[in-house]
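Peer 1: Got a structure here, written out as structure tokens. Questions coming.
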RNA sequence: GGAGAGGUGGCCGAGUGGCCGAAGGCAGCAGUUUGCUAAACUGCCGUAGGGGGAAACUUCUACCGAGGGUUCAAAUCCCUCCCUCUCCGCCA
């Protein structure tokens, strides 16, 4: 069964609300507000409360009137069959019908407002998430490896790449604009090698099934995973069709199972997907303007998992370790950070960021973000599972969804260039990539 | 892009205004018969929301691709949209 609430043109009229369950929300409105803290600041809670109550009243009114109408219509049918006059009854039912129409118009407005509000409430943080205001309050969970020892001052990846002739930002600006890059020669091959290395590791060692999804998706898909309605300005959208360019493979891959009921035995489902990702980067003017760090288009290998609710937190640890395995294989120093409540994304209940060491910045930079969304996306997307308990079919429940970058390919290329730079400006290729590079061991000036 | 055909329960498929939440079949579940299996027979067998009950359950409402309209009454009539299929065109 499809979830009509995701259709932009749908005018809701009684029935279920998939995002936040309305009854639960009503009973826990204050607690929800409390738990969301700063993240719920822009939600008009009093209006929400009023709308929920109005919906309840109007719904029961229409139900009563519909019952009346149904009885009346049956009576008309009976009278006509018995060749008696039904005029009086028909007139009375016409009046009832008009009352229903009036009340339903009102109900429609209430539900529309309610649905829109509901879709803009962020997910609740998990209890293990540290409380905090912003990125400054994130907690470092662990570090792996150590920064490389460079005998000369670290050059930035754009200096290295342009000197080597494998990165071209000027021509990218000409053919597209700011925040685009052209990779050429060994640079292009290195990007491709990284993609293949990541996909191969995840599919052969970590148990993920490879997916190559569409890069354009519809509005329903974007709403299901939480990009819409709140973050439309971050997305590229086609002018003549209601399609969006995906900002991450999370969107098409999570939506693979939208409006489906999975069997318990099929869980967990694990997918990995390579896709380009497209982001408007509205509001990031002046940040990371040089280099490959922040582009309108970049490549990413994504990990996506669907699990039973009681398994999702162990899956989050697993999934994060799979992303880490890529960096370990490449021999890149990194740390894992637990995002605090204030830094958590809209849809996530808990997130680990993996940050790789960049010598030129003397800093860790985000290269992966691994999140458990619990049932937040599953509700919006209506992804459920049905189990069996001693031959009886158990109640269908929402699955938990997770995803993480495994990894952002462009930023991985940055990390390889900067961490493996040699005094002469050449780049040593990490062992694991060499067979994807046709045996090339070092990138020299082209 | 042009022309046409469709979308009904887990599946197949009937249903052109009321007694239709929807015939019939398949699959599934429970039982009867049987030495076992098979077959036959009987019953059950959609989803969601609200009310009642400790509970098995019961009652109301909605749902026949989605939305809107006509009507006392819509799976059925009208409009819009989405999707699938066939043929032509174009293309990789």
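Residue numbers (our numbering): -11 to 434.
Idealized CB from N, CA, C, for every residue including glycine.
Source: prediction; values computed, not measured.
Using DSSP with H/G/I as helix, E/B as strand and the rest coil, what is residue 185?
Peer 2: Of the three classes helix, strand and coil, the one that applies to residue 185 here is helix, per DSSP.
Peer 1: How many angstroms separate the CA atom of residue 69 from the CA atom of residue 83?
Peer 2: Those two C-alpha atoms are separated by around 23 Å.
Peer 1: For a test of the three-state rule: what should DSSP assign to residue 264, helix, strand or coil?
Peer 2: If DSSP states are grouped into helix, strand and coil, residue 264 belongs with the strands.
Peer 1: Tell me the rounded alpha-carbon separation between residue 36 and residue 215.
Peer 2: Going from the Cα of residue 36 to the Cα of residue 215 covers about 21 Å.
Peer 1: Check whether the Cβ atoms of residue 260 and residue 172 sit closer than 8 Å, and answer yes or no.
Peer 2: No, Cβ-Cβ distance for residue 260 and residue 172 is not below 8 Å.
Peer 1: Curious, which full-length beta strand (DSSP E) runs of at least 3 residues does the region 372 to 429 contain?
Peer 2: List check, beta strand (DSSP E) in window: 388 to 396.
Peer 1: Run through the DSSP bridge pairs and tell me what residue 338 is partnered with.
Peer 2: Note: residue 338 sits in a beta bridge opposite 360.
Peer 1: Could you pull out every residue in the same chain whose Cβ sits closer than 6 Å to the Cβ of residue 230, ignoring the five residues on either side in sequence?
Peer 2: So the list reads 207, once near-sequence residues are dropped.
Peer 1: Tell me whether residue 351 sits in a helix, a strand or coil according to DSSP, three-state version.
Peer 2: It is a strand residue.
Peer 1: I need the DSSP call for residue 232, collapsed to helix, strand or coil.
Peer 2: Residue 232 falls in the strand class under three-state DSSP.
Peer 1: For the region 309 to 324 against the region 130 to 137, are there 3 or more C-beta pairs whose distance is under 8 Å?
Peer 2: Verdict: yes, contact present.
Peer 1: Taking Cβ to Cβ, would you say residue 212 is nearer than 8 Å to residue 290?
Peer 2: Not in contact: residue 212 and residue 290 (Cβ atoms no closer than 8 Å).
Peer 1: Per the contact definition of three or more C-beta pairs closer than 8 Å, is the region 333 to 342 in contact with the region 355 to 367?
Peer 2: They touch, by the three-pair rule.
Peer 1: Taking the alpha helix (DSSP H) that residue 308 falls in, what are its first and last residues?
Peer 2: 300 to 318 is the span of the alpha helix (DSSP H), which, as asked, contains residue 308.
Peer 1: For the region 239 to 284, list the beta strand (DSSP E) runs that are entirely contained and at least 3 residues long, ordered along the chain.
Peer 2: Fully enclosed beta strand (DSSP E) runs of 3 or longer: 248 to 251, 257 to 266.
Peer 1: Kindly list the residues whose CB is nearer than 8 Å to the CB of residue 415, restricted to its own chain and excluding five residues on each side of it in sequence; keep chain order.
Peer 2: Answer for residue 415: 148, 152, 404, 405, 408, 409, 430, 431, listed in chain order.
Peer 1: How many Å lie between residue 388 and residue 358 at the Cα?
Peer 2: Distance between the alpha carbons of residue 388 and residue 358: 14 Å.
Peer 1: Please state if the CB of residue 167 and the CB of residue 223 are separated by a distance shorter than 8 Å.
Peer 2: No, Cβ-Cβ distance for residue 223 and residue 167 is not below 8 Å.
Peer 1: Excluding the five sequence neighbours on either side, which residues of its own chain have a C-beta within less than 6 Å of the C-beta of residue 14, listed in chain order?
Peer 2: So the list reads 40, once near-sequence residues are dropped.
Peer 1: For the beta strand (DSSP E) holding residue 129, just list the boundary residues, first then last.
Peer 2: First-last of the beta strand (DSSP E) with residue 129: 127 to 132.
Peer 1: What's the call for residue 425, buried or exposed, on a 16-neighbour Cβ count within 10 Å?
Peer 2: Buried, since its Cβ has 16 or more Cβ neighbours within 10 Å.
Peer 1: Please tell me whether residue 113 and residue 329 are closer than 8 Å, where the distance is taken between their beta carbons.
Peer 2: Cβ atoms of residue 113 and residue 329: closer than 8 Å.
Peer 1: Apart from the five residues on each side of it in sequence, which residues of its chain come closer than 7 Å, Cβ to Cβ, to residue 380?
Peer 2: Bear in mind that the predicted position of residue 380 carries a pLDDT of just 47, short of 50, making it unreliable; the figure below should be weighed with that in mind. Cβ within range, chain order: n/a, list empty.
Peer 1: Assess contact between the region 74 to 90 and the region 19 to 30, defined as three or more Cβ pairs (one per stretch) separated by less than 8 Å. Is contact present?
Peer 2: No, because fewer than three Cβ pairs between the region 74 to 90 and the region 19 to 30 fall closer than 8 Å, the two stretches do not touch.
Peer 1: Would you report the Cα separation of residue 313 and residue 121, rounded to the nearest angstrom?
Peer 2: Cα to Cα, residue 313 sits roughly 30 Å from residue 121.
Peer 1: Beta carbon of residue 263, beta carbon of residue 288: below 8 Å?
Peer 2: Closer than 8 Å, so yes.
Peer 1: Look at the alpha carbon of residue 50 and the alpha carbon of residue 326, and state the distance between them as a whole number of angstroms.
Peer 2: So the two alpha carbons sit approximately 48 Å from each other.
Peer 1: Check whether the Cβ of residue 243 sits closer than 7 Å to any heavy atom of the ligand MN, and report yes or no.
Peer 2: Looking at this structure, you won't find the ligand MN or any other ligand, since it has none at all.
Peer 1: List the whole-angstrom C-beta distance separating residue 438 from residue 174, where the pair is believed to meet the contact cut-off of C-beta under 8 Å.
Peer 2: Any answer about residue 438 is impossible in this case: the structure gives the chain only from -11 up to 434.
Peer 1: Keeping to the same chain, check which residues put their C-beta closer than 6 Å to that of residue 366; ignore five residues upstream and five downstream.
Peer 2: Contacts found: 386, 387, 389.
Peer 1: Measuring straight from C-alpha to C-alpha, what distance separates residue 226 and residue 234?
Peer 2: Computed Cα separation, rounded: 11 Å.
Peer 1: Excluding the five sequence neighbours on either side, which residues of its own chain have a C-beta within less than 8 Å of the C-beta of residue 3, listed in chain order?
Peer 2: Residue placement at residue 3 is flagged as unreliable, the pLDDT there being 29, under the threshold of 50; the coordinate-derived value follows with that caveat. Once the five neighbours on either side are set aside, residue 3 has no close Cβ partner at all.
Peer 1: Pull up the distance between the alpha-carbon of residue 395 and that of residue 102, whole angstroms please.
Peer 2: Roughly 37 Å separates the two Cα atoms.
Peer 1: If the criterion is Cβ atoms closer than 8 Å, does the pair residue 293 and residue 246 meet it?
Peer 2: Against a cut-off of 8 Å, the Cβ pair of residue 246 and residue 293 comes out as no contact.
Peer 1: Considering only their Cβ atoms, is the gap separating residue 169 from residue 438 smaller than 8 Å?
Peer 2: Here the chain comprises residues numbered -11 to 434, so residue 438 is not present and cannot be evaluated.
Peer 1: Which partner residues of residue 293 appear in the DSSP bridge assignment?
Peer 2: Residue 293 pairs with 258, 390.
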